[in-house]
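Keeping their order, the protein sequence lines are chains A, B and C. The numbering used here applies: residue 1 is where the first sequence begins, and numbers increase by one. The numbering used here applies: residue 1001 is where the second sequence begins, and numbers increase by one. The numbering used here applies: residue 2001 is where the third sequence begins, and numbers increase by one. Quick notes on the structure that follows.
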Amino acid sequence: MAVEAGTAAPAAVENDESNYLTAKSGLKSWALTVDHKRIGVMYLVSVIVAMFLGGIMALLVRAELMFAGETLMEADTYNQLFTLHGAIMVFLFIIPSIPAALGNFFLPIMLGAKDVAFPKLNLGSFYIYVIGTVFTLIAIVAGRIDTGWTFYTPYSSRADNAVIWMTLGVFILGFSSILTGLNFIATTHKMRAPGLSWTRLPLFVWGIYATSVIQVLATPVLAITLLLLIMEKTLTIGIFDPALGGDPVLFQHFFWFYSHPAVYIMILPGMAVINEVIATFSRRKIFGYMFVAMSSVALALLGFLVWGHHMFTSGMSEYSTMIFSALTFLVAIPSGVKVFNWVATLYQGSISFETPMLYAIGFLILFTIGGLTGLFLGILSVDIHLHDTYFVVAHFHYVMVGGTVFGFLSGMHYWWPKMTGKLYNEGLARVAFGLIFLGFNITFLSQFIMGSQGMPRRYYDYLDQFQPLHMTSSGGAFVLGFGFLVLAVVFIQSMISGAKAPANPWGSAGFEWMTTTPPHAHNFETTPVITRGPYDYHLASEEELFDGFPEDRAAQGAKA
Amino acid sequence: MTEPQGTIQLPPQLSTIAPEVDAMYYAIYWISVAFAVAIFVAMGIFLYQYRRQPGRKAKPTGHNTFLEVFWTFTPLLLLLWLFVEGFEGYVKMSVAPEDSVEIRVRGMQWNWEFEHQGGVIDDLNRMKVPVDTPVKLVMSSSDVLHSFFVPGFRVKRDVVPGMYTSLWFEATTPTPFTSETECQSDNDCGSGYHCGQPREIPNGMNADELLMGGAPPEGAPEGTREVRYCSVSVFCTEYCGAPEGITLSAFSEGGYNSNHATMMADLRVLPVEGYDRFLEVGPPPPPECAGAEDVNVCWGQSIYQGSGCIGCHGNDGVRQQPAPNWVGLWGAVRPFTDGSERVADENYIRQSVLQPQSQIVAGYAAVNMPVYRFSDRQLDAVIAYIRSLTPDE
Amino acid sequence: MADAHAHHGPDYLEHHFETPLQQFDAAKLGMWIFLAQEILFFSGLFVAYFIFRSWYPEAFSVGSHLLDWKMGAINTVVLLFSSFTAAMAVRSSQLGETKKTTAFLAVTVVCALGFMVVKYFEYTHKIHVGLLPGSLFNPQGEGVEELRAAVEAAYASGPFEGTYPYHLRSFFGIYFVMTGLHGLHVLIGIGVILWMIVRNQKGAFTKDYNTPVDMTALYWHLVDLIWIYLFPLLYLID
Ligand code: HEA
Ligand code: HEA
Ligand code: CUA
Ligand SMILES: [Cu+2]
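Put into structure tokens, the structure is as follows:
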């Protein structure tokens, strides 16, 4: 273990009374907590609920699309469903998922800090998230929201007034995101334990840090955009609606100025998790550590320059189109650097295949496919054909589900024992992984094909010729949904009757495993002094690494 | 069909630009396959080779600056090439040749209107273009964003209210009106095509012959028959909504052009002479009206059914929602939301169709009727039809 | 604090920080990040302003003549002065002069209120004469007179015949949104400064610990700075 000041042995603090879950009890102790770990857990529960809601809507969407024609619902209902699916998944689930839930829990621990820099603000962010969610839910009840998650004007500025509730909700959620980012940046700069230099920072922290920078710089632009949209609807200020002298394309510029960087808000944390998991399960420091760390920062910065690639067909000038296309390709470089380095990390490692690692491998495969298909869309002439077809839908599900959600699930499995103090059923977890991986590919590979064949998106009905592919896709979605159901069983079962987890079940050298399981209310008894990097397996002592499962047991694939 | 065939991934190439776009598509496709295979194979080998085994430890990670720099910058060159090529294609797509034939396209919820040179306005959602001739579309929208997409041509452009956008293409393959291209469902037509909306054709002819001014051959049975032809698919890809609370029929039940998902047009690529002939005479009254008692009433009824009036207006004297029923409309005194009144005569109906928002019938402010731009002949027909629904006293 | 650990350090040191310096540094960094966020928030509006200005120069030219530059100028002076007093409040708080701090903060609040009063008169006048955004734009009575004067001043041209640039309504859209959001920031600032006065009176701040005053002043300077841009852009350039 990276020596703790006073070299307190881990056993000395293994006192169940002092873990964060049991430190205080009662509803109030949760609702008013400033403990980043409890806040992280509350976020985790919220985002899982959101994902569940969004997922049910996705399944309804797929059910309607199973057969051509109007099968289950009217066009209007369908339009509301995919809008809510997209908006809930993006704003309520994926953006807060890894940073606000897992990041909140682990970033301070990895830094050896007692808490984030502004614990009250952290709790505030959570409640802002809750308020934003409430507004979003009001919107669903108050009327019809069928604008698509992109809220394009003038459709949105003329649509039902429930859109105001929705945009207000997203506006508020944005501030939750900004304040979380602010908190993490300050924490990373000012709260690192002695000895934890920037070059020793876990890559998870680097990733969350880069994410935070985007959150702070991009989200305000979304906020003002949505505010302008609200004013357009209430005061008719004439900025976006052409009937009042406004410009609808300006809205698109504003929207994507946020929403492209936002896709890196989504993927960077996923990549951040993958770093930790790959290092742990191959017992090796990530190859090209500095390149990987810097590529996160590069993505954060370059991400601001490419928003126009969503608007190649919008009537923007040829000159801007050209620049945006060129810059879009630049973004592929840092992503490529990461992929190559992860693969290189496996080389000469000692790799085991527990569930978190399976998800990490899934991530590598699916993100590569998703990213490469992003390049198709970056090529001007090709995007003209593919824009607003199912090819785009498949692309972004590959990066968002195959990338971020797989990263999220990888992290969930990886840190589950630390967060809950319980082990889960490894066998069943692998079954869930298998179903999810298979179902996902069936669902979205078929969408690539129908997209390039010309199937437009946001269609509740389609030409018969797309029938077989839609059918396949829907079938895959149900397998995927079933996979998630099994996953839910895994976690619920673990909470009810899971075996007690050791402090370091995976034998990781990461800092978060140095503390007790579940962590002490103040993370560490005393502030740790960091003497090695988080992936320095060759510097870590045997006891540190192997107080969980002995190495050879894991090698035989023994189930937890 | 004898038309060019598509591949698993792409629809058939029906325009001059399509092969270029496809070449780019396949270039990036094979580059991606190469990268993906290389990455997955390397990963697979490592995962197997270095799986955890008793007594074997991981080697600490070293450095390899050469490798790092190599895989950072090599893809850059490749990407640079892709960008340049893609951009060249795009420039070609954005600059229409000087001698293009111009067609005005107007998008509205949820119809396409095409105005040809000389002010010839075709029936809604029917588009005709000449083959082997560059065609430039100048497009505008009267309500929200739409997007004009022809997969077979590989062209797409948003149709934006408050500005003109344009695109051009040169179609390479005439779309025949023959018995081989008659269809029952979209599946009969292959990708890039769909089975167009039904039309009435005199027996013994096809629409090509009708368009070129032919007559049914001797001995053909009297009357008309309903046929559908495979047409090049035109989609609206920018999301433009659906009416609220109105149950729509789907494609399969003929419910075209009732919302974003069905906002299609039947595109026919005609031989140049055919197109010229079309420009001369304009869209004729539908053939089934040839022998009708009153051609205009018959034509008006066909517009009522074909241009979407039926979606809102009833012609049975009963259905009053979401728009007024047409029975008894003619000659009646209409009350408006602003309290004024007016007798429904020719000019009133004309105005109601061309500028529906100018006087709104009391009780109907909630639904906006779309603006239709009919030619005088079409308007005459609509008026005649509405008139026919009210028996003379 | 229900903290099991022996806790050393002054009272104001929150338990998760090691030293007062660390706490101060964190707060300062956090505040700067917040200000960066604010700037980006407003930048969206500035971008909209410049785009519309480049599209509809006549509307913006006439628009600027419809705003009362004298009121704007008064407000500029008032805000600049309040920024100065805010800085002085920080200084006196650092010196531990509690009373002076309160006095400076109070002057700052008074200035801010003065600013809002002037804004109130500007707004009510605009509303009264119908110089409003978008579809609400409907100049009447005095408003028509002002419009005439503005058009003539902007074009230095012949008599006004009831024509004015259509996009004046967008100008007023932008005007109300920009000044409105800025005004909202002033209101929030007033609230925060009042709170600082209360805390200061209760003796919460000392020579060693005055971070909140410092942060409040930083925020106030930003509010001031934004106005420094708004004033010439909206009122002066024609
Ligand atoms: C997690 C979210 C996420 C991520 C990470 C990305 C990543 C990328 N996206 Fe994606 N994208 C979305 C989410 C995301 N996207 C969403 C939600 C939309 C649609 C929104 C909507 O309209 O509703 C969208 C739409 C979208 C479009 C617009 C399509 C259209 O509407 O017409 C484009 C166009 O350029 C694009 C491009 C890219 C590129 C180039 C990347 C790159 O960052 C990818 C880089 C990664 C790789 C390239 C793979 C790994 C690299 C290598 C193996 C190196 C070797 C390879 C080479 C260099 C050849 N995306
Ligand atoms: C993080 C973001 C995210 C995620 C995770 C998903 C997940 C999924 N999405 Fe979504 N999607 C978007 C973001 C996301 N999507 C966005 C932004 C759009 C664009 C919207 C727009 O156009 O405006 C979109 C649009 C979109 C469409 C296109 C609609 C259209 O254009 O008409 C489709 C169609 O297939 C689809 C499908 C799915 C499916 C099958 C999943 C699956 O992965 C979902 C799997 C999850 C579950 C199934 C939930 C878990 C369920 C259980 C635990 C219980 C199981 C219950 C039962 C079996 C009853 N999505
Ligand atoms: Cu018109 Cu979609
Ligand atoms: Cu993007």
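For every residue, glycine included, the Cβ atom is placed at its ideal position computed from N, Cα and C.
- Distances between the C-beta of C:His2065 and the heavy atoms of ligand 4 are all 7 Å or more.
- For B:Met1108, the uninterrupted beta strand (DSSP E) run begins and ends at 1101-1108, by DSSP.
- Comparing C-alpha distances from A:Ile145 to each of A:Ile172, A:Arg38, A:Leu81 shows the shortest one belongs to A:Leu81.
- The closest heavy atom of ligand 3 lies 7 Å or more from the beta carbon of B:Gly1308.
- Burial is judged here by how many other beta carbons sit within 10 angstroms of a residue's own beta carbon; A:Gly402 has at least 16 and is buried.
- In the displayed model, C:Cys2111 falls within a helix according to three-state DSSP.
- Neighbours of A:Glu64 across chain B, judged by C-beta separation under 9 Å, do not exist; the nearest C-beta is about 11 Å away.
- Taken in chain order, the members of the segment 197-221 of chain A whose beta-carbon sits within less than 7 Å of a beta-carbon on chain C are Val216, Leu217, Pro220, Val221.
- Bridge pairing for A:Asp536: absent [DSSP].
- Of the candidates B:Gly1107, B:Met1139, B:Asp1294, B:Gly1107 places its Cα closest to the Cα of B:Asn1125.
- Listed by position along chain B, the residues whose Cβ is nearer than 7 Å to that of A:Phe291 are Glu1068.
- In the DSSP assignment, A:Asp76 falls within the unbroken alpha helix (DSSP H) covering 75-87.
- When the beta-carbon positions are compared, A:Ser381 and B:Met1093 come within less than 8 Å of each other.
- Under the DSSP definition of a beta bridge, C:Lys2207 lacks any partner.
- Comparing C-alpha distances from A:Val41 to each of A:Phe118, A:Met419, A:Leu487 shows the shortest one belongs to A:Met419.
- The Cβ atoms of A:Asp536 and C:His2016 do not sit closer than 8 Å to each other.
- Considered as a whole, the segment 225-270 of chain A harbours no complete run of any beta strand (DSSP E) with no fewer than 3 residues.
- Boundaries of the alpha helix (DSSP H) around C:Arg2199: 2168-2201.
- Between C:Gln2037 and chain A, the shortest Cβ-Cβ separation is below 8 Å.
- Not one heavy atom of ligand 4 falls within 7 Å of the beta-carbon of A:His397.
- Around A:Met110, no beta-carbon contact reaches into chain C at under 8 Å, the shortest distance being about 15 Å.
- Scanning the segment 1195-1264 of chain B from its first residue to its last, the whole beta strand (DSSP E) runs of 3-plus residues come out as 1199-1202, 1224-1227, 1230-1236.
- B:Leu1267 sits in a strand when the DSSP states are folded into three classes.
- For A:Thr368, the secondary structure class from DSSP, reduced to helix, strand or coil, is helix.
- In this structure, B:Leu1167 sits away from B:Arg1154, with a CB-CB distance that is not shorter than 8 Å.
- Around A:Leu250, the beta-carbon contacts reaching into chain C at under 8 Å are Ala2048, Ile2051.
- In terms of beta-carbon proximity, C:Asp2025 lines the interface with chain A, with at least one pair separated by less than 8 Å.
- Its Cα nearest to that of A:Val134, the residue A:Trp165 stands out among A:Ala326, A:Trp165, A:Ser259.
- A contact between stretches requires three or more CB pairs, one per stretch, nearer than 8 Å, and the segment 52-62 of chain A fails this requirement with the segment 119-129 of chain A.
- Within the segment 316-373 of chain A, the alpha helix (DSSP H) runs of at least 4 residues that lie entirely inside it are, in chain order, 318-346.
- Between A:Asp241 and A:Pro154, the CB-CB gap stays under 8 Å.
- Per DSSP, the unbroken beta strand (DSSP E) holding B:Met1139 starts and ends at 1134-1141.
- Among the residues of chain B, those whose CB is under 8 Å from the CB of A:Tyr155 are Val1144, Leu1145, Tyr1239, Cys1240, Gly1241, following chain order.
- Membership of A:His395 in the alpha helix (DSSP H) is indicated by the continuous run 390-397.
- When the alpha-carbon of A:Asn161 is set against those of A:Tyr209, A:Phe304, A:Val263, A:Ile138, the nearest one is in A:Ile138.
- If you draw a 10 Å sphere on the C-beta of A:Met290, you find fewer than 16 other C-beta atoms in it, and that means exposed.
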